[in-house]
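A.B. asks: Position in the sequence shown (first residue = 1) + 588 = the numbering used here.
Sharing a structure with you now.
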Amino acid sequence: MRLKLNFKVFALLMLIGLFSVYDIEAQEITKDAKNTRHRPKVGVVLCGGGAKGFAEIPILKAIDEAGVPIDYIGGTSIGSIIGSLYAVGYDPDVIEELVRKQDWNNVIYDRIPLSYMPIDKKINARRYLATFPITNGKIKVKSSMVDGVYVNMLLSRLMLPADNIHDYKKLPVPFFCIATDVEHATQYEMTKGNLSRSVRASMSIPFLFRPVSLDGKLLIDGGMVNNFPVRNMKERGVDIIIGVDLEDATIPASQIDNSLGLLESLMNLSSLEESLYARSNCDIYIKPNLHGRSMLSFNEFDSIIQFGEEAAKEFYPQFQKLAGFLQEMEPYEINRPHVQPVDTLYITEIKVEGVSTNHEDVVAREFGKDFPKKMSLNDIEKTIVKLRASGYYENLWYEIEQTDKGSVFKLHCEEIADMSTAVAVHYDNNYGIGALVNFTIKNVLERVNRATLSFDLNIAENPYLKVNFNKHHRKMFHFGVDFSIYSLNIGQYTDKQLTNSYSIQDNKLDIYTMLVPNLKNQFRLGAAADLVHMRDFVGENSIPSNYNLYSYLYLNYFFDNLDAVKYARRGWRINMMAKMVFFKGVADDVTMSGMNTEAIQNSFIGYVDLLKNIPLGSKSALKFELEGGMKLGVAEAPLFYQFFVGGQSHMKYLDNILAFTGLDFTDRIIDHLAVNKIAWQWNFYKSLYSTIHFDYGFMSDTYDSWFEPSSLVLGYGLSLGVDSMIGPIEVSFMGSNINSGVTGFINVGYWF
């Protein structure tokens, strides 16, 4: 508690223990003083501090329960969020409930569910380390780690009860918040406008969240210049200031072990002058003991709220004394609107702002038609996330304009830069090290059609170049062209002894059309041509040394609703492929001596992969996978189209390379297989995983011997991995019934 004398109420403050060094009770205030003085105004100032701000909620609750009226509230960053919710009319109990039910990993890190990703992106589930937009021919660095779509939606939703209030003095409790004007390196106090955007600007942690353009200014977290805006509250003529401070006076160097820890320390230093002023000018100064929690400890909300409750309990007697004093000064009643979150809206019209005219209708149609109609906010937010996941739009947020007929839903968004470049790295035992460089051009044609041209160059031990053109036609149809050049070296083993070493160089052209009825299903029909050169450096296979031209027609069905690219716990993946391959060859049943029987032959190749993940509790899952393939036809299929089985890599240089636990990379090259795979995955600590694998099945070169005992292959293994920012990092130890000893496998990063 700090000593603060205000000359307006000097004589009265000297009479009570709350604001004096003397212990004189409030009942000694004279009747004449009570009748001639108005009640002093109370302001609450909430400091910024990221997740530490959850401790402010029980303190507000204690102020309410003690009966202290809050005449003004303001804050910075998380303080602006908590303060604005209180100002709108949410009770502290409701605010706490909102905190507890959020998935903070999604909110903070923009973790868009895989189920919202378009199916064509899901198939090529690459994870780039960094993506850079290209503007005016120059590569730009993104201003933030995340776009903030989940934060935008959360704030838009919670501020809906005040969507028609644009002067923050007219809220149930007058409110202000602080952001930092990047251009002038000064604080920017916000008292009017769209409340959700003002709060979003105030909490835009540099480099983590995208800055906010507002009122012609580029704004970031107010904590960079004024994290504890007591001075701003004092300038409003408030008589009594209650301040909640979340800053650490110093952060030990041992705790600054990452970039965000360093940022938190810098924010404390950059606003130190204002913070020192604030601490010495609070009438009731509260600093909860947060026991080392950081601004990103969002998943520790239980303990942080508990620490706030401890501080609230300590100061509750002072709140009671203050309430009694104020009642003696001038009797009052506290009337709060007891606001609840909005769940549905009656929407009369959809408006889209921030994109070109021909994109407006495309975006608006995603929300449906036949307006006016009632829509749930859950459905609205799903649509917004899908728009973000499409890869064409960013910086999405919404506001509501109330009319006599209902609500006009106004979506703000921007088109993602038409050109971008991205990079990724990967290593595993099978393919070696690789560095992927991507170059993408969106909206290639002038008309809006979501036409995309992309280039992938993998600089690796097994390099490749891919060029893809894909064009949306209406909502469900696509057509496209793939061109790729691969160079691949693979070996065939017998009990770890190399028997064949193949060098493959493939030039492929694929023309296709796709039906995409929803985000989970895709049907693809296409025709492809392969110009292939294969050479065996070890074995005695009679492979022609020249290039061979093969062609095929194919039909592919793909379904995916897995909840993660790696370490998925629930969902299905179904992949079925049928190919009719045409090649120059000799039919197996033609043996007429002296007659050239070589002619154009064909073989039918079928493949199916069914994967089901079943969660077991909150930390583990069982995975069941059935995989089968076979060749039909009188001619022997080219080696290039047989199934290459073995290894653990998920890289898909060729769609007929299949992983199998316990086998070396491409240990078996066969025409027929039927495999069952079972795995138990356990998330035993934070991002650490262990997986026990057991694979078994039949593999054969000939249909007649497919299910004979000699064709049975068993594989088993244990993998230890971590789900890191660059993708899964795994070490596996495996064995099988056909290889002696232990086979090892290492994977670093997502596959591409």
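Glycine included, C-beta positions come from ideal geometry on N, C-alpha and C.
Here the structure is a predicted model, which means the values were calculated and not measured.
Under the DSSP definition of a beta bridge, which residues are partnered with residue 1301?
C.D. replies: As a first step, residue 1301 is located in the sequence shown; it is residue number 713 there, counting from the start. In DSSP, residue 1301 forms a bridge with 1285.
A.B. asks: Alpha carbon to alpha carbon, how far is residue 723 from residue 628? Give it in angstroms, no decimals.
C.D. replies: In the sequence shown, counting from the first residue as 1, residue 628 sits at position 40. In the sequence shown, counting from the first residue as 1, residue 723 sits at position 135. Approximately 55 Å between the Cα atoms of the pair.
A.B. asks: Once DSSP output is grouped into helix, strand and coil, what is the label at residue 1264?
C.D. replies: Position 676 of the sequence shown, counting from 1, holds the residue named residue 1264. Correct three-state label for residue 1264: strand.
A.B. asks: Identify every residue that forms a DSSP beta bridge with residue 920.
C.D. replies: Within the sequence shown, numbered from 1, the residue matching residue 920 stands at position 332. According to DSSP, residue 920 bridges with nothing at all.
A.B. asks: Please list, in chain order, all residues of the same chain as residue 981 whose beta carbon is under 6 Å from its beta carbon, the five residues on each side excluded.
C.D. replies: Counted from its first residue, the sequence shown places residue 981 at position 393. Here the set comprises 975, 1001.
A.B. asks: Who pairs with residue 985 in a beta bridge, going by DSSP?
C.D. replies: Mapped onto the sequence shown, residue 985 falls at position 397. Looking at the DSSP output, residue 985 shares a beta bridge with 1000.
A.B. asks: Taking residue 652 as part of the alpha helix (DSSP H), name the residues at either end of that continuous run.
C.D. replies: As a first step, residue 652 is located in the sequence shown; it is residue number 64 there, counting from the start. Looking at the DSSP string, the run of the alpha helix (DSSP H) that includes residue 652 is 644 to 654.
A.B. asks: Residue 1113 to residue 1217, Cα distance in whole Å?
C.D. replies: Sequence index remark: in the sequence shown, residue 1113 carries index 525 (1-based). Sequence index remark: in the sequence shown, residue 1217 carries index 629 (1-based). When rounded, the distance between both Cα atoms is 19 Å.
A.B. asks: Which two residues bound the contiguous alpha helix (DSSP H) that contains residue 971?
C.D. replies: Looking up residue 971 in the sequence shown gives position 383. Note, residue 971: alpha helix (DSSP H), 965 to 977.
A.B. asks: Mind checking who residue 1270 pairs with in its DSSP beta bridge?
C.D. replies: Residue 1270 sits at position 682 when you count from the first residue of the sequence shown. Residue 1270 is bridged by DSSP to 1208, 1278.
A.B. asks: Cutting at 8 Å between CB atoms, please list the residues of its own chain near residue 1064, excluding the five before and the five after it.
C.D. replies: Within the sequence shown, the letter at position 476 stands for residue 1064. If we look at residue 1064 and ignore the five residues flanking it on each side, its Cβ neighbours are 1103, 1104, 1105.
A.B. asks: Using 8 Å as the threshold, is the segment 746 to 760 in touch with the segment 670 to 680, meaning 3 or more CB pairs across them?
C.D. replies: yes
A.B. asks: Using three-state DSSP, classify residue 1290 as helix, strand or coil.
C.D. replies: Taking the sequence shown and counting its residues from 1, the one referred to as residue 1290 is at position 702. DSSP places residue 1290 in coil when its eight states are reduced to three.
A.B. asks: DSSP puts residue 801 in a beta bridge; with which residues?
C.D. replies: As a position in the sequence shown, residue 801 is number 213, starting the count at 1. 806.
A.B. asks: Answer yes if the segment 791 to 804 comes into contact with the segment 814 to 828, meaning at least three C-beta pairs across the two stretches below 8 Å, and no otherwise.
C.D. replies: no
A.B. asks: Can residue 1305 and residue 1321 be called in contact, C-beta distance under 8 Å?
C.D. replies: Indexing the sequence shown from 1 puts residue 1305 at position 717. Indexing the sequence shown from 1 puts residue 1321 at position 733. Yes, these two residues count as a Cβ contact at 8 Å.
A.B. asks: With a cut-off of 8 Å, do at least 3 Cβ pairs link the segment 626 to 642 to the segment 826 to 838?
C.D. replies: yes
A.B. asks: Within 10 angstroms of the Cβ of residue 1183, are there 16 or more other Cβ atoms? Answer buried if so, exposed if not.
C.D. replies: The count along the sequence shown starts at 1 and reaches residue 1183 at position 595. Low confidence applies to residue 1183: its pLDDT is 49, below 50, so where it sits in the model is not reliable enough to give any reading.
A.B. asks: Who are residue 1101's beta bridge partners in DSSP?
C.D. replies: On the sequence shown, residue 1101 is found 513 positions in, with the first residue counted as 1. DSSP output for residue 1101 lists 1067, 1113 as bridge partner(s).
A.B. asks: Would the C-beta of residue 1043 count as close to the ligand NAP, meaning under 7 Å from any of its heavy atoms?
C.D. replies: This structure lacks the ligand NAP; in fact it carries no ligand of any kind.
A.B. asks: Answer yes if the segment 1039 to 1056 comes into contact with the segment 1069 to 1080, meaning at least three C-beta pairs across the two stretches below 8 Å, and no otherwise.
C.D. replies: yes
A.B. asks: Checking 8 Å against the spacing of the C-beta atoms, do residue 939 and residue 960 come in under that value?
C.D. replies: Walking along the sequence shown from the start, residue 939 turns up at place 351. Walking along the sequence shown from the start, residue 960 turns up at place 372. No Cβ-Cβ contact shorter than 8 Å links residue 939 with residue 960.
A.B. asks: How should residue 1318 be labelled, buried or exposed, when 16 other C-beta atoms within 10 angstroms of its C-beta is the threshold for buried?
C.D. replies: The residue given as residue 1318 occupies position 730 in the sequence shown. Residue 1318 should be labelled buried.
A.B. asks: Let me check one thing: in DSSP terms, what residues is residue 888 bridge-paired to?
C.D. replies: Against the sequence shown, residue 888 aligns to sequence position 300. Beta-bridge pairing links residue 888 to no other residue.
A.B. asks: Does the count of Cβ pairs from the segment 1250 to 1264 and the segment 1217 to 1229 closer than 8 Å reach three?
C.D. replies: yes
A.B. asks: Under 8 Å Cβ to Cβ from residue 971, same chain only, skipping five residues before and after it: list those, please.
C.D. replies: In the sequence shown, counting from the first residue as 1, residue 971 sits at position 383. Close CB contacts of residue 971 within its chain, under the 8 Å cut and outside five residues either way in sequence, are with 954, 955 (chain order).
A.B. asks: Quick check: residue 1156 and residue 1201, are their CB atoms within less than 8 Å of each other?
C.D. replies: Position 568 of the sequence shown holds residue 1156. Position 613 of the sequence shown holds residue 1201. Taking 8 Å as the Cβ cut-off, residue 1156 and residue 1201 qualify as a contacting pair.
A.B. asks: Less than 8 Å separating the beta-carbons of residue 703 and residue 1149?
C.D. replies: The residue labelled residue 703 in the question sits at position 115 within the sequence shown. The residue labelled residue 1149 in the question sits at position 561 within the sequence shown. Yes; because the gap between Cβ atoms is below 8 Å, this pair is in contact.
A.B. asks: Where do the N-terminal and C-terminal ends of the beta strand (DSSP E) with residue 667 fall, by residue?
C.D. replies: Taking the sequence shown and counting its residues from 1, one reaches residue 667 at position 79. Annotation for residue 667: no beta strand (DSSP E) segment contains it, though the alpha helix (DSSP H) segment containing it runs 666 to 676.
A.B. asks: What residue range does the beta strand (DSSP E) around residue 633 cover?
C.D. replies: Against the sequence shown, residue 633 aligns to sequence position 45. Residues 630 to 634.
A.B. asks: How would you label residue 995, buried or exposed, when you count the other beta carbons within 10 angstroms and need 16 or more for buried?
C.D. replies: If you number the sequence shown from 1, residue 995 lands on position 407. Residue 995 is buried by the Cβ-count criterion.
A.B. asks: Assign residue 1080 to one of three DSSP states: helix, strand, or coil.
C.D. replies: Position 492 of the sequence shown holds residue 1080. In the structure shown, residue 1080 sits in a strand (DSSP, three-state: E or B).
A.B. asks: Restricting to Cα atoms, I'd like to know which of 999, 908, 1203 is closest to residue 941.
C.D. replies: Locating residue 941 in the sequence shown gives position 353, where the first residue counts as 1. For residue 941, the closest C-alpha among the options 999, 908, 1203 is that of 999.
A.B. asks: According to DSSP, simplified to helix, strand and coil, what is residue 1336?
C.D. replies: Here residue 1336 corresponds to residue number 748 of the sequence shown, with the count starting at 1. Residue 1336 falls in the strand class under three-state DSSP.
A.B. asks: What residues match up with residue 1189 in a beta bridge as DSSP calls it?
C.D. replies: The residue given as residue 1189 occupies position 601 in the sequence shown. The beta-bridge partner set that DSSP reports for residue 1189 consists of 1171.
A.B. asks: Per the contact definition of three or more C-beta pairs closer than 8 Å, is the segment 773 to 791 in contact with the segment 1013 to 1028?
C.D. replies: Note that the segment 1013 to 1028 does not touch the segment 773 to 791; fewer than 3 beta-carbon pairs, one per stretch, sit closer than 8 Å.
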